[in-house]
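Take 45 as the starting number for the sequence shown in full-length UniProt numbering and just add one per residue. Cβ coordinates follow ideal geometry from the N, Cα and C atoms, glycine included.
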Amino acid sequence: SIDFSTLTKQTGLTSLDYGFVNTAATRSSITYIDGEQGILRYRGYPIEQLAENSTFLEVAWLLIHGELPTPSELSDFDERIRRHTLLHEDLRRFFDALPHDAHPMSVLSSAVSALSTFYQDSLSVSDPEQVELSTIRLLAKLPVIAAYAHKKSLGQAFLYPDNSLSFVDNFLRLNFGTLAEPYEVNPVLSRALERLLILHEDHEQNASTSTVRLVGSTQANLFASVSAGINALYGPLHGGANEAVLQMLAGIRDSGESVATFVERVKNKEAGVKLMGFGHRVYKNFDPRAKLVKQSADEVLEALGVHDPLLDIAKELEEVALADQYFIDRKLYPNVDFYTGVIYKAMGFPTRMFTVLFAIGRLPGWIAHWREMNLDPQTKIGRPQQLYVGSPERDLGR
Ligand code: ACO
Numbered sequence: 045s046i047d048f049s050t051l052t053k054q055t056g057l058t059s060l061d062y063g064f065v066n067t068a069a070t071r072s073s074i075t076y077i078d079g080e081q082g083i084l085r086y087r088g089y090p091i092e093q094l095a096e097n098s099t100f101l102e103v104a105w106l107l108i109h110g111e112l113p114t115p116s117e118l119s120d121f122d123e124r125i126r127r128h129t130l131l132h133e134d135l136r137r138f139f140d141a142l143p144h145d146a147h148p149m150s151v152l153s154s155a156v157s158a159l160s161t162f163y164q165d166s167l168s169v170s171d172p173e174q175v176e177l178s179t180i181r182l183l184a185k186l187p188v189i190a191a192y193a194h195k196k197s198l199g200q201a202f203l204y205p206d207n208s209l210s211f212v213d214n215f216l217r218l219n220f221g222t223l224a225e226p227y228e229v230n231p232v233l234s235r236a237l238e239r240l241l242i243l244h245e246d247h248e249q250n251a252s253t254s255t256v257r258l259v260g261s262t263q264a265n266l267f268a269s270v271s272a273g274i275n276a277l278y279g280p281l282h283g284g285a286n287e288a289v290l291q292m293l294a295g296i297r298d299s300g301e302s303v304a305t306f307v308e309r310v311k312n313k314e315a316g317v318k319l320m321g322f323g324h325r326v327y328k329n330f331d332p333r334a335k336l337v338k339q340s341a342d343e344v345l346e347a348l349g350v351h352d353p354l355l356d357i358a359k360e361l362e363e364v365a366l367a368d369q370y371f372i373d374r375k376l377y378p379n380v381d382f383y384t385g386v387i388y389k390a391m392g393f394p395t396r397m398f399t400v401l402f403a404i405g406r407l408p409g410w411i412a413h414w415r416e417m418n419l420d421p422q423t424k425i426g427r428p429q430q431l432y433v434g435s436p437e438r439d440l441g442r
């Protein structure tokens, strides 16, 4: 193996790599991706098998601990998470201080950051028990915080978690239940959401995970690191793409513009016009998650009895783009975000909640990476180099 930091010191060589296209920042044994073949595996298990047969918490355990849980490990894990879902009443009131039209992603990252103030016992990053406790707290509380961000945007009362419900069902009830009447979980909706969350659980060194690792490399605690990851996810080139896709589809529908004309504008690189939900830094053939999500979109909309013309527009866009030389030459295919928004919309989530759902899904991956980094004796504080191209020394002249 090559120690690049020693090599750099010895040779004085620095590589300039915008966007870290060729630079590995770490070794990792969590997730394997083959971008040419469209392969994604968590700890060696194909994503297709996990999405079909596992639960969100089982996969979270797998990512974090490296092996599938035994039945008793899984039930203990689930039980501990259920016991930590309540938010401190002061944290509930924290939401009152934010404007009702705040973007839920901003609310989410602020509230997660605020967890550091409520759980100061969790700030030790070298104590395995405290790290485990922070892990449980985050997994338990992030869905509650997310649902409160949603309720706040609607001006509706917050519900307390019902810990007799599963992770996903509790989340659905917190979002769609009201104080006025009992909430019946629709099993189709519940399984579809669980599947989508599993598909998002990890994706190796993407922008938000790299952010979590970079922040964590300073020995900042899990809450601070995950809050930074949520902010990185917010951008439309990353997790925010699922929201941007829906806005793009609605824009095409509302303007009456044909799909072909829109695609021409994309190809002409008109300012601000991109085919959102297309393209990926790593996948250059197809995104295996997108294949599964597309299949889900048809099934879920049918099961919920929803016909959404936006799904028709999305399918037409995909068909036109995949047959077009511009997209073929650049190896641009639908990514995981292309069809998720249509499903979330059918489930009843407002567009501004889409990236929040992504964040809940990605949380186990962020935690797994933070913990892997924290235990790796080779970890150093992340500190990229730069090539200075500014002014040479000049005199202030005073
Ligand atoms: N629409 C139109 N053209 C595109 C798109 C797109 N969605 N994506 C890439 N291209 C073009 C670029 O303009 C560039 O063309 P050029 O060679 O003529 O200049 C070429 O394809 C290569 O694109 P890059 O931007 O260099 O690719 P990069 O790997 O840096 O970016 C990214 C990947 C950010 C995902 C990009 O494809 C994109 O912006 N997609 C739309 C946003 C999106 O869907 N993001 C979600 C990604 S998945 C996720 O985070 C979960």
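Inset, instruction - Alpha carbon to alpha carbon, how far is Phe-382 from Asp-342? Give it in angstroms, no decimals. - result: When rounded, the distance between both Cα atoms is 13 Å.
Legend entry - CA-to-CA distance, Thr-395 to Lys-389, given in whole angstroms: In this model, Lys-389 and Thr-395 are separated by some 7 Å (Cα to Cα).
Legend entry - Per-residue DSSP class, three states only, for residue 35: Absent from the model: residue 35. The displayed extent of the chain is 45 to 442, so no value can be given.
Inset, instruction - Specify, as a first and last residue, the run of the alpha helix (DSSP H) that Ile-357 falls within. - result: In the DSSP assignment, Ile-357 falls within the alpha helix (DSSP H) that extends over 353-366.
Inset, instruction - For the beta strand (DSSP E) containing Asp-78, list its first residue and its last residue. - result: Taken as a continuous stretch (DSSP letters only), the beta strand (DSSP E) holding Asp-78 covers 75-78.
Inset, instruction - Ignore the nearest five residues each way along the sequence and tell me which others in Val-102's own chain have a CB closer than 8 Å to its CB. - result: Strictly speaking, residue 102 in this sequence is Glu, with Val absent from that position. If we look at Glu-102 and ignore the five residues flanking it on each side, its Cβ neighbours are Leu-112, Pro-113 and Leu-118.
Inset, instruction - State the beta-bridge partners of Pro-378 as determined by DSSP. - result: DSSP, once it has assigned bridges, lists Phe-322 as partnering Pro-378.
Inset, instruction - Have a look at the DSSP bridge pairing and note the partners of Tyr-89. - result: Paired residues: Tyr-86.
Inset, instruction - Compare the Cα-Cα distances from Pro-231 to each of Ala-412, Ile-411 and Val-344 and report the closest residue. - result: Ranking Ala-412, Ile-411 and Val-344 by Cα distance to Pro-231 puts Val-344 first.
Legend entry - Cut-off 7 Å between Cβ atoms - residues of its own chain near Glu-108, not counting five sequence neighbours on either side: Note that residue 108 is Ile in the sequence shown here, rather than Glu. Within the same chain, Cβ atoms closer than 7 Å to the Cβ of Ile-108 are found at Thr-179, Pro-408, Ile-411, Ala-412 and Arg-415, the five residues on either side in sequence being excluded.
Inset, instruction - Please confirm if the segment 189-196 is in contact with the segment 162-174, defined as three or more CB-CB distances below 8 Å between the two stretches. - result: Short answer: they don't touch.
Legend entry - Limits of the unbroken alpha helix (DSSP H) element including Phe-371: Unbroken alpha helix (DSSP H) run through Phe-371: 369-373.
Inset, instruction - Starting from the Cα of Ala-358, find the closest Cα among Asp-331, Phe-398 and Ala-294 and give me that residue. - result: Nearest of Asp-331, Phe-398 and Ala-294 to Ala-358, Cα basis: Ala-294.
Legend entry - Thr-67 to Lys-424 span [Cα, whole Å]: Whole-angstrom Cα-Cα distance: 16 Å.
Legend entry - Continuous alpha helix (DSSP H) assignments of at least 4 residues falling wholly in the segment 386-441: Within the segment 386-441, complete alpha helix (DSSP H) segments of at least 4 residues are found at 398-419, given in chain order.
Inset, instruction - Indicate whether Asn-286 and Thr-222 have their beta-carbon atoms separated by less than 7 Å. - result: In this structure, Thr-222 does not lie closer than 7 Å to Asn-286 by Cβ.
Legend entry - Cβ-heavy atom distance, Met-149 to ligand 1, below 6 Å: Checking every heavy atom of ligand 1 against the Cβ of Met-149, none is found closer than 6 Å.
Legend entry - alpha helix (DSSP H) runs contained entirely in the segment 211-280, provided each spans 4 or more residues: Taking only runs of at least 4 residues, the alpha helix (DSSP H) segments lying wholly in the segment 211-280 are 211-220, 231-243, 251-260 and 266-278.
Legend entry - Residue burial classification, Gln-249 (beta-carbon count within 10 angstroms, cutoff 16): So Gln-249 counts as buried.
Legend entry - As assigned by DSSP and simplified to three states, the class of Ala-294: Reduced to three states, the DSSP call for Ala-294 is helix.
Legend entry - Length at least 4, wholly inside the segment 93-157: the alpha helix (DSSP H) runs in chain order: 100-109, 115-127 and 133-138, all fully within the segment 93-157.
Legend entry - Separation of Glu-176 from Ile-74, as counted between CA atoms: About 18 Å.
Legend entry - Residue span of the alpha helix (DSSP H) that contains Val-169, given as start and end: According to the DSSP assignment, Val-169 belongs to no alpha helix (DSSP H), since it is labelled neither H nor E.
Inset, instruction - Compare the C-alpha of residue 28 against each of Val-326, Ala-201, Glu-360 and Ser-157 and name the closest. - result: Outside the shown range of the chain, which is 45 to 442, sits residue 28, and nothing can be said about it.
Legend entry - Option nearest Gly-321 by Cα separation, candidates Ala-288, Met-417 and Glu-314: Ranking the options by Cα distance to Gly-321, first place goes to Ala-288.
Inset, instruction - Determine the burial state of Ser-252: buried for a count of at least 16 other Cβ atoms within 10 Å of its Cβ, exposed for fewer. - result: By the neighbour-count criterion, in which 16 or more other beta carbons inside 10 Å mark a residue as buried, Ser-252 falls on the buried side.
Legend entry - For Leu-233 and Ala-95, the rounded distance between their alpha carbons: Approximately 15 Å between the Cα atoms of the pair.
Legend entry - Met-397 beta carbon near ligand 1 (any heavy atom closer than 6 Å): The answer is no for Met-397.
Inset, instruction - Compute the Euclidean distance between the alpha carbons of Glu-133 and Arg-71, then round it to the nearest angstrom. - result: Cα to Cα, Glu-133 sits roughly 41 Å from Arg-71.
Legend entry - Any non-hydrogen atom of ligand 1 within 6 Å of Leu-319 CB: Yes, the beta carbon of Leu-319 sits closer than 6 Å to at least one heavy atom of ligand 1.
Inset, instruction - Kindly indicate which residue of Ile-242, Ile-274, Leu-241 and Leu-243 has the alpha-carbon position closest to the one of Arg-257. - result: The candidate whose alpha carbon is nearest that of Arg-257 is Ile-274.
Legend entry - Contacting residues, own chain, Cβ-Cβ under 7 Å from Gln-263 (five flanking each side not counted): Listed in chain order, the non-local C-beta contacts of Gln-263 below 7 Å within the same chain comprise Val-169, local neighbours out to five positions each way being set aside.
Legend entry - For Asn-379 and Lys-328, the rounded distance between their alpha carbons: Inter-residue distance for Lys-328 and Asn-379 is about 10 Å (C-alpha atoms, whole angstroms).
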